[in-house]
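*Asks:* Here's a structure for you.
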Amino acid sequence: MALRLYNYLTREKELFEPLSPGRVGMYVCGPTVYDDAHVGHAKLYVSMDVLVRYLRYRGFDVLYVQNITDVGHMLDSGEDRIMKGVRLKRLEPMELVETYMRHYFEDMDALGVIRPNISPRASCHISEQIELVKTLLAKGVAYESGSGDVYFSVEAFPEYGKLSRRKVEELEPGARVAVREEKRHPADFALWKHAEPEHILRWPSPWGWGFPGWHAECSAMATKYLGQTFDIHGGGLENIFPHNECELAQSEAAFDQAFARYWVLSGSLKIDGVKMSKSLGNSLTIRDALARYTPEAIRAFVLSAHYRGPVDFTHDAVGAAEQGVRRLQNTVRNVRTRLKDAPAVDAALPTRATFLKEHEDAFVAAMDDDLNTPRALAALHNMGREVNRRLEGDADLTAETLLGIDNAFRELGAGVLGIIPDDLSASARIETELLDGLMATLLAIRQEYRDARDWQRADALRDRLADMGVAIEDRPEGAAWRLESR
Ligand SMILES: [Zn+2]
4 MALRLYNYLT REKELFEPLS PGRVGMYVCG PTVYDDAHVG HAKLYVSMDV LVRYLRYRGF
64 DVLYVQNITD VGHMLDSGED RIMKGVRLKR LEPMELVETY MRHYFEDMDA LGVIRPNISP
124 RASCHISEQI ELVKTLLAKG VAYESGSGDV YFSVEAFPEY GKLSRRKVEE LEPGARVAVR
184 EEKRHPADFA LWKHAEPEHI LRWPSPWGWG FPGWHAECSA MATKYLGQTF DIHGGGLENI
244 FPHNECELAQ SEAAFDQAFA RYWVLSGSLK IDGVKMSKSL GNSLTIRDAL ARYTPEAIRA
304 FVLSAHYRGP VDFTHDAVGA AEQGVRRLQN TVRNVRTRLK DAPAVDAALP TRATFLKEHE
364 DAFVAAMDDD LNTPRALAAL HNMGREVNRR LEGDADLTAE TLLGIDNAFR ELGAGVLGII
424 PDDLSASARI ETELLDGLMA TLLAIRQEYR DARDWQRADA LRDRLADMGV AIEDRPEGAA
484 WRLESR
């Protein structure tokens, strides 16, 4: 058996074979850090995290690079997202970037997403991006406009569109894209943009002061850390066009060789059946989601659907994932409790409980099949049921067997899927459950005050909780609480 991945470049499931045996270079488009990450980011980065974890489980040495976009990612209005954040939040650009980059890592840490080996920032790689633009100009696949912009010429790269399967002649100027006079073809995209002095994020270049286009950063940084050709390019399917297509075009036109060999892209996330958007007011940050659900529940929810498909984030669906995770965790907790009472064994022994083999094989077969996490989760649950039967029926499980069971859950449930925390001690569980119970009681009391229009008592209760660092938010579906990060 071997790992097969669906490659968006060929639209086929392919046997995964890295360029250098045993080593994998992987690049994933990272966040634009101008606001808190939302549950759509949780879906994308948990999916990519499980890919990295599984590659490592399979024995590959993975170099995982995920960029931080802190300049050049424009809104449809033409405004830089960072500058919009600066305008709204009245912060220095780099203060804004630092704030939300730290939040992003805190959120990912909380979700158990293993940090990339390298998190390069676009603003720290301006010279590499300028070099890339110079190369493209020298090759005749880019041109300067009269006003200090440099564009990539899609007509000069005949393979443009091969990733997203779009044809240049079909790429008519859409309503979203303002057609600029200086472009030779409406689909040509900016490699470098001229910036006036009032634009804070700007750098000197051979074409005057300006800043790089968003697509340029990923090509420049992926090449710098992984080489001109590397193994896996991950990201969200919604960015296959224009972003990923433009990255591919720039890199292959510049270096005359394949860019990423496997394109692994994750499907989108909706909330209650509706596309998430700030204008609809249904955006849910990871911070808010973590106030309501455990990290393992959010991960298990993401993994309960195949990464390529869309998922619908509903309270019921995450709740169901939470229940499933709790069942697994209870099983593992019981195993560990029995193990503590069992006679000591050599923990270094590579023990395996033989009756688990069937389930472990099913797990690996599912993951090998383009990371079929719903099937892998089912295998883990089958394993849990089998273990429960043995725990109930066989009082004489040996320490070796118990250790073998624990090892299997540690490798697959914790190591690969990240849904079984190391600390499953009763005290950790009781504290969490007690806190949940107490908060539910307090919110119910506050609701009684509000129903009775006793605003004074309701507000006093909220204020006392706020003093303790507990924030209450009233939502259409009821009040929610979260611990303020102080
Ligand atoms: Zn990118």
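Sequential numbering of the sequence shown, starting at 4, is according to our numbering.
A virtual CB, placed ideally from N, CA and C, is assigned to each residue, including glycine.
Only a predicted model underlies this, so the values are computations on that prediction, with no experimental measurement involved.
Return helix, strand or coil for Glu49, following the three-state DSSP convention.
*Replies:* Correcting the residue identity first, residue 49 is Val in this sequence and not Glu. It is helical.
*Asks:* In chain order, what residues of the same chain have a beta carbon less than 7 Å from the beta carbon of Ala178, not counting five sequence neighbours either side?
*Replies:* Bear in mind that the predicted position of Ala178 carries a pLDDT of just 40, short of 50, making it too unreliable to give a figure here.
*Asks:* Distance check for Glu109 and Arg489, CA to CA, integer angstroms please.
*Replies:* Annotation note: pLDDT 46 at Arg489 (below 50); position unreliable, coordinate value reported separately. C-alpha separation (whole angstroms): 13 Å.
*Asks:* Regarding Gly238 and ligand 1, is the C-beta to nearest heavy atom distance less than 7 Å?
*Replies:* Gly238 Cβ: within cutoff of ligand 1.
*Asks:* Between which two residues does the alpha helix (DSSP H) holding Trp217 run?
*Replies:* First-last of the alpha helix (DSSP H) with Trp217: 217–229.
*Asks:* Give the secondary structure of Arg105 by DSSP, where H, G and I count as helix, E and B as strand, and everything else as coil.
*Replies:* Three-state result, Arg105: helix.
*Asks:* Report the CB separation of Arg7 from Asp373 in whole angstroms; it is logged as a contact under 8 Å.
*Replies:* Confirmed, about 6 Å.
*Asks:* So Leu486 is in the beta strand (DSSP E); what residue range does that whole segment cover?
*Replies:* Here the beta strand (DSSP E) through Leu486 covers 481–486.
*Asks:* Determine the DSSP secondary structure at Thr401, reduced to helix, strand or coil.
*Replies:* It is coil, neither helix nor strand.
*Asks:* Check whether the Cβ atoms of Leu342 and Gly28 sit closer than 8 Å, and answer yes or no.
*Replies:* Not closer than 8 Å, so no.
*Asks:* What first and last residue would you give for the beta strand (DSSP E) that runs through Val338?
*Replies:* That residue, Val338, is in no beta strand (DSSP E); its alpha helix (DSSP H) goes 318–344.
*Asks:* Leaving out the 5 sequence neighbours to the left and right, which residues in its chain are closer than 6 Å to Arg378 when beta-carbon positions are compared?
*Replies:* Here the set comprises Ala369.
*Asks:* Can you tell me which of the three DSSP states Asp477 falls into?
*Replies:* Asp477 falls in the strand class under three-state DSSP.
*Asks:* What three-state label does DSSP hand Trp266 in the structure shown?
*Replies:* Of the three classes helix, strand and coil, the one that applies to Trp266 here is strand, per DSSP.
*Asks:* Check whether the Cβ atoms of Gly75 and Ala125 lie closer than 8 Å to each other.
*Replies:* In this structure, Ala125 lies closer than 8 Å to Gly75 by Cβ.
*Asks:* Considering Cα atoms alone, identify which of Val42, Glu220, Met104 is closest to Leu318.
*Replies:* The question names Leu, yet the displayed sequence has His at residue 318. Selected option, being the one with the closest Cα: Val42.
*Asks:* Excluding sequence positions up to five away, which residues of its chain have a Cβ less than 7 Å from the Cβ of Gly88?
*Replies:* Same-chain partners within the cutoff: Tyr37, Asp38, Leu99.
*Asks:* Quick test of your reading: Gly387 and Thr334, contact by CB under 8 Å. State the CB separation rounded to the nearest angstrom.
*Replies:* Confirmed, Cβ separation roughly 4 Å.
*Asks:* Which residues in the same chain as Ile235 place their Cβ atom closer than 6 Å to its Cβ, once the five residues preceding and following it in sequence are excluded?
*Replies:* Around Ile235: Met29, Tyr265, Val267.
*Asks:* Please report the Cβ distance between Arg302 and Val49, rounded to the nearest whole angstrom; I am assuming they are in contact, meaning their Cβ atoms lie under 8 Å.
*Replies:* About 5 Å separates the two Cβ atoms, so the contact holds.
*Asks:* Gln326: buried (16+ other C-beta within 10 angstroms of its C-beta) or exposed?
*Replies:* The residue is exposed, with fewer than 16 neighbouring Cβ atoms inside 10 Å.
*Asks:* Which one or two residues does DSSP pair with Phe233 in a beta bridge?
*Replies:* Per DSSP, Ala263.
*Asks:* Using DSSP's beta-bridge definition, name the partner residues of Trp206.
*Replies:* DSSP output for Trp206 lists Gly213 as bridge partner(s).
*Asks:* Assuming Ile423 contacts Ala417 under a Cβ cut-off of 8 Å, what Cβ separation, rounded to an integer in Å, is found between them?
*Replies:* Between Ala417 and Ile423 the Cβ distance is about 4 Å, and since that is below 8 Å, they are a contact.
*Asks:* For the alpha helix (DSSP H) that Met370 lies in, which residues bound it at each end?
*Replies:* 360–371 is the extent of the alpha helix (DSSP H) around Met370.
*Asks:* Any residue with its Cβ nearer than 6 Å to a heavy atom of ligand 1 should be included. What is that list in chain order?
*Replies:* That query returns the following residues: Cys32, Cys221, His246, Glu250.
*Asks:* Spatial neighbours of Gly216 within its chain, please: C-beta separation below 7 Å, excluding the five flanking residues on both sides.
*Replies:* Closer than 7 Å at Cβ, skipping near neighbours: Gly75, Phe192, Ala193, Leu194, Trp195, Lys196.
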